[in-house]
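> Provided herewith is a single structure, encoded as structure tokens, for subsequent inquiry.
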Amino acid sequence: MKSSAEEIALNRQGRSEDPKRAAAATFAKNLVERRGKVTDQELAAVRAGGYTDPEIIDITALAVQFLLTNFMNNMADSDIDFPSVTAA
């Protein structure tokens with residue numbers, strides 16, 4: 001699914017114009033900010049947004065993967081060797 005520049009900017013803030021995407025983005029933001037200690041209410045909210053428990057595990061795995069990648073690149077002070085990506 002293609003995302004607009006506005007949607008990408010919202011996603012980076014843990015938000016979205018689409019209610020289902022908003023539930024996932026908010027959950028992922030809370031997961032990272034709270035270091036994995038999400039509340040029962042946050043789990044209920046992402047479920048109410050239309051996600052199953054296996055999909056919530058997928059959201060969690062992706063958030064952690066991106067976090068680990070960022071940490072590793074920050075630690076290694078990696079050079080960015082590809083052009084900046086902009087929304088189509």
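Numbering (full-length UniProt numbering), first residue to last: 1 to 88. We treat Cβ as the ideally placed atom computed from N, Cα and C, and that holds for glycine.
Look at the Cβ atom of V38, then the Cβ atom of A23, and state whether they are nearer than 9 Å.
Here residue 38 corresponds to residue number 38 of the sequence shown, with the count starting at 1. Here residue 23 corresponds to residue number 23 of the sequence shown, with the count starting at 1. Going by C-beta atoms, V38 is not nearer than 9 Å to A23.
> DSSP state of E17, grouped into three classes?
For the purposes of this step, residue 17 is taken as the residue at position 17 of the sequence shown. If DSSP states are grouped into helix, strand and coil, E17 belongs with coil.
> Within 10 Å of its beta-carbon, does G50 have 16 or more other beta-carbons around it, so buried, or fewer, so exposed?
Taking the sequence shown and counting its residues from 1, the one referred to as residue 50 is at position 50. G50 should be labelled exposed.
> What do you get for L31, buried or exposed, if any count of 16 or more other CB atoms within 10 angstroms of its CB means buried?
In the sequence shown, the residue the question calls residue 31 occupies position 31. Buried, by the Cβ-count rule.
> Flag I56 as yes when its Cβ comes closer than 8 Å to any non-hydrogen atom of the ligand FAD, and as no otherwise.
As far as ligands go, the structure on display features none, and thus does not contain the ligand FAD.
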